[in-house]
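Report on one structure; see the data block that follows.
Protein chains in written order, with the working numbering: chain A, 1 to 178; chain B, 1001 to 1319.
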């Protein structure tokens, strides 16, 4: 596993030297869950437990190591049920705001410079929670057009939308005990 | 009775003049996700007009003397020209490139356009936008600034990690200044002495002696900073930390951050006007208003989708 991650990190380095397109894309999805905010937040902040609620995730392996700046950091390797992987870095866990921030280091989604937040807020009704998942990213193809098929803005938005819609719907099921 | 109308009209004139003098300027906020520009009256801090422009507008340069605002549309490869007097589109310049950064010479005779993909700056005569002169530049040119005397154009080459210094009249490259990783936004002090380059990947701001062309200090700021604005007296520099959801306040005399202000999510474009700072929030679709005397957020103005306002976006409009 360590070797794989090191290899993925090495492969990733040259990518950051490329320019990406100038228009970042956004996907924002919200769902209301009939569960206590503390319970919802506990599930979301568990960075190594995404397989508990996301239906596309088969396993989630946490890793602690130094990041590119020599700082201690938390990473996770998501292995998807279709065999693909996504390697992510935890950027921040804010208990006061019930807000998680992470970025994709490398993975199968057709995106570049992906950063995301997941936030839990109490309401609208008592005992309910509202979860908002926001992603900012660029398309996969980072150079001058023409853009190869599957690497354009729409492909990136569609892929992230699929991840968010599927994940939030299943999170609701898991937390509401259906 | 004869003198009365004269006095009255003098009074009226005085009132009208006073009204004009105190009228606040307007902010022109590019909304990348809704293909329009929100015009904010800074007196009321409300959007008074929304103007449809090209696809994915990002850059903005306001020309108060010409009463025009130039907008770069990255997805439709064009520059939209807005009439400030009537808040309508005057026209659109089609380009064979991808415009991002925009800046005007102080006399408003030249509009500089950074072409992201073709690594060049296009210089347009604002009186005749049919033709342009080109300058080949470093990789992914982004933010630009012109010295207050109009002699120098500075360009942040994001993927070359340097700032190009260009003679703004003959468009010759005079030199390059190495800065931190991925410089994006540039701002220059009103006296033209200090240039600030915002280094996105280095989480820092390079302070450049604009005359000597050397970096005099590097100031750590917040996460993934994008843009900077300098106060009118030059004493403070405000920097948007896009992934920190905050604005760093730099004391220019001490070259260090003296405050960090939480603002709406993913702040990008920033401008200073009359002791307030206006910040476009890409993720929350608002402009945050900061009172610089207290460093508190005192307002939030709803705009269009994915507000960026990359450039000099505040100007006085006619009345």
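For glycine and all other residues, C-beta sits at the position ideal for the given N, C-alpha and C.
Residue closest to residue i, alpha-carbon to alpha-carbon, out of the options
| i | options | result |
| --- | --- | --- |
| residue 176 of chain A | A:46, A:129, A:76 | A:129 |
| residue 25 of chain A | B:1070, B:1313, B:1305, B:1148 | B:1305 |
| residue 1301 of chain B | B:1068, B:1045, B:1133, B:1123 | B:1045 |
| residue 1208 of chain B | B:1154, B:1202, B:1031, B:1088 | B:1154 |
| residue 95 of chain A | A:147, A:44, A:73 | A:44 |
| residue 1213 of chain B | B:1200, B:1229, B:1194, B:1056 | B:1194 |
| residue 1181 of chain B | B:1168, B:1225, B:1210 | B:1225 |
| residue 104 of chain A | A:85, A:98, A:120 | A:85 |
| residue 36 of chain A | A:145, A:132, A:120 | A:120 |
| residue 59 of chain A | A:102, A:154, A:82 | A:82 |
| residue 61 of chain A | A:87, A:73, A:71, A:149 | A:87 |
| residue 1171 of chain B | B:1186, B:1151, B:1161 | B:1151 |
| residue 1094 of chain B | B:1279, B:1070, B:1105 | B:1070 |
| residue 69 of chain A | B:1034, B:1223, B:1030 | B:1223 |
| residue 23 of chain A | A:171, A:63, A:114, A:64 | A:114 |
| residue 1092 of chain B | B:1103, B:1137, B:1128 | B:1128 |
Straight-line gap, residue i to residue j (C-alpha atoms, nearest Å)
| i | j | result |
| --- | --- | --- |
| residue 1038 of chain B | residue 1113 of chain B | 21 Å |
| residue 1025 of chain B | residue 1041 of chain B | 7 Å |
| residue 1080 of chain B | residue 42 of chain A | 48 Å |
| residue 127 of chain A | residue 39 of chain A | 10 Å |
| residue 80 of chain A | residue 1293 of chain B | 51 Å |
| residue 1311 of chain B | residue 1259 of chain B | 23 Å |
| residue 52 of chain A | residue 110 of chain A | 24 Å |
| residue 1099 of chain B | residue 1078 of chain B | 7 Å |
| residue 56 of chain A | residue 107 of chain A | 14 Å |
| residue 1082 of chain B | residue 1101 of chain B | 17 Å |
| residue 29 of chain A | residue 1220 of chain B | 33 Å |
| residue 1243 of chain B | residue 1135 of chain B | 32 Å |
| residue 100 of chain A | residue 167 of chain A | 15 Å |
| residue 1165 of chain B | residue 1233 of chain B | 24 Å |
| residue 1022 of chain B | residue 1049 of chain B | Annotation note: pLDDT 40 at residue 1022 of chain B (below 50); position unreliable, coordinate value reported separately. Going from the Cα of residue 1022 of chain B to the Cα of residue 1049 of chain B covers about 21 Å. |
| residue 159 of chain A | residue 1303 of chain B | 27 Å |
| residue 169 of chain A | residue 34 of chain A | 12 Å |
| residue 1307 of chain B | residue 1111 of chain B | 22 Å |
| residue 1175 of chain B | residue 1252 of chain B | 25 Å |
| residue 1184 of chain B | residue 1157 of chain B | 7 Å |
| residue 1275 of chain B | residue 1203 of chain B | 26 Å |
| residue 1283 of chain B | residue 133 of chain A | 12 Å |
| residue 1198 of chain B | residue 148 of chain A | 32 Å |
| residue 1299 of chain B | residue 152 of chain A | 37 Å |
| residue 1186 of chain B | residue 173 of chain A | 48 Å |
| residue 118 of chain A | residue 131 of chain A | 7 Å |
| residue 1316 of chain B | residue 1296 of chain B | 25 Å |
| residue 1291 of chain B | residue 1278 of chain B | 9 Å |
| residue 162 of chain A | residue 1087 of chain B | 39 Å |
| residue 1218 of chain B | residue 1196 of chain B | 10 Å |
| residue 1191 of chain B | residue 1254 of chain B | 17 Å |
| residue 98 of chain A | residue 122 of chain A | 10 Å |
| residue 54 of chain A | residue 112 of chain A | 22 Å |
| residue 1043 of chain B | residue 1139 of chain B | 40 Å |
Cβ-Cβ separation, residue j to residue i (assumed contact under 8 Å), whole Å
| i | j | result |
| --- | --- | --- |
| residue 1058 of chain B | residue 1313 of chain B | No, residue 1058 of chain B and residue 1313 of chain B are not in contact; Cβ-Cβ is about 11 Å, not under 8 Å. |
| residue 1231 of chain B | residue 1272 of chain B | 5 Å |
| residue 1089 of chain B | residue 1051 of chain B | 6 Å |
| residue 47 of chain A | residue 91 of chain A | Incorrect: roughly 10 Å between the Cβ atoms, too far for contact. |
| residue 1065 of chain B | residue 1108 of chain B | 5 Å |
| residue 89 of chain A | residue 72 of chain A | In fact, because the Cβ distance is near 12 Å, the residues do not count as touching under 8 Å. |
| residue 1097 of chain B | residue 1075 of chain B | Not a contact, Cβ separation roughly 13 Å. |
CB of residue i within 9 Å of CB of residue j, strictly
| i | j | result |
| --- | --- | --- |
| residue 1261 of chain B | residue 1246 of chain B | yes |
| residue 1123 of chain B | residue 1188 of chain B | no |
| residue 1250 of chain B | residue 1237 of chain B | yes |
| residue 1121 of chain B | residue 1141 of chain B | yes |
| residue 1210 of chain B | residue 1281 of chain B | no |
| residue 1268 of chain B | residue 1240 of chain B | yes |
| residue 156 of chain A | residue 140 of chain A | yes |
| residue 1118 of chain B | residue 144 of chain A | yes |
| residue 1053 of chain B | residue 1073 of chain B | yes |
| residue 1257 of chain B | residue 1265 of chain B | no |
| residue 1032 of chain B | residue 1063 of chain B | no |
| residue 1178 of chain B | residue 1161 of chain B | yes |
| residue 1229 of chain B | residue 1027 of chain B | no |
| residue 184 of chain A | residue 138 of chain A | The requested residue 184 of chain A does not occur in the structure, where chain A is confined to residues 1 to 178. |
Closer than 8 Å: residue i CB and nearest the ligand FMN heavy atom
| i | result |
| --- | --- |
| residue 1087 of chain B | Looking at this structure, you won't find the ligand FMN or any other ligand, since it has none at all. |
For the region 37-109 of chain A, which segments carrying the alpha helix (DSSP H) assignment without a break, of at least 4 residues, lie completely within its bounds, in sequence order? DSSP runs (the alpha helix (DSSP H)) wholly in the region 37-109 of chain A: 37-45.
Whole runs of the alpha helix (DSSP H) within the region 1223-1307 of chain B, excluding any shorter than 4 residues: Entirely contained in the region 1223-1307 of chain B, not one alpha helix (DSSP H) run reaches 4 residues.
Where in the region 1095-1139 of chain B do unbroken runs of the alpha helix (DSSP H), each at least 4 residues long, occur, reported from the N-terminal end onward? Segments of the alpha helix (DSSP H) lying fully in the region 1095-1139 of chain B: there are none.
Whole beta strand (DSSP E) elements within the region 123-170 of chain A, 3-residue minimum: Runs found: 129-139.
Can you list the beta strand (DSSP E) stretches of 3 or more residues lying completely in the region 1180-1205 of chain B, in chain order? For the region 1180-1205 of chain B, whole beta strand (DSSP E) runs of length 3 or above, ordered along the chain, are 1183-1188, 1194-1199.
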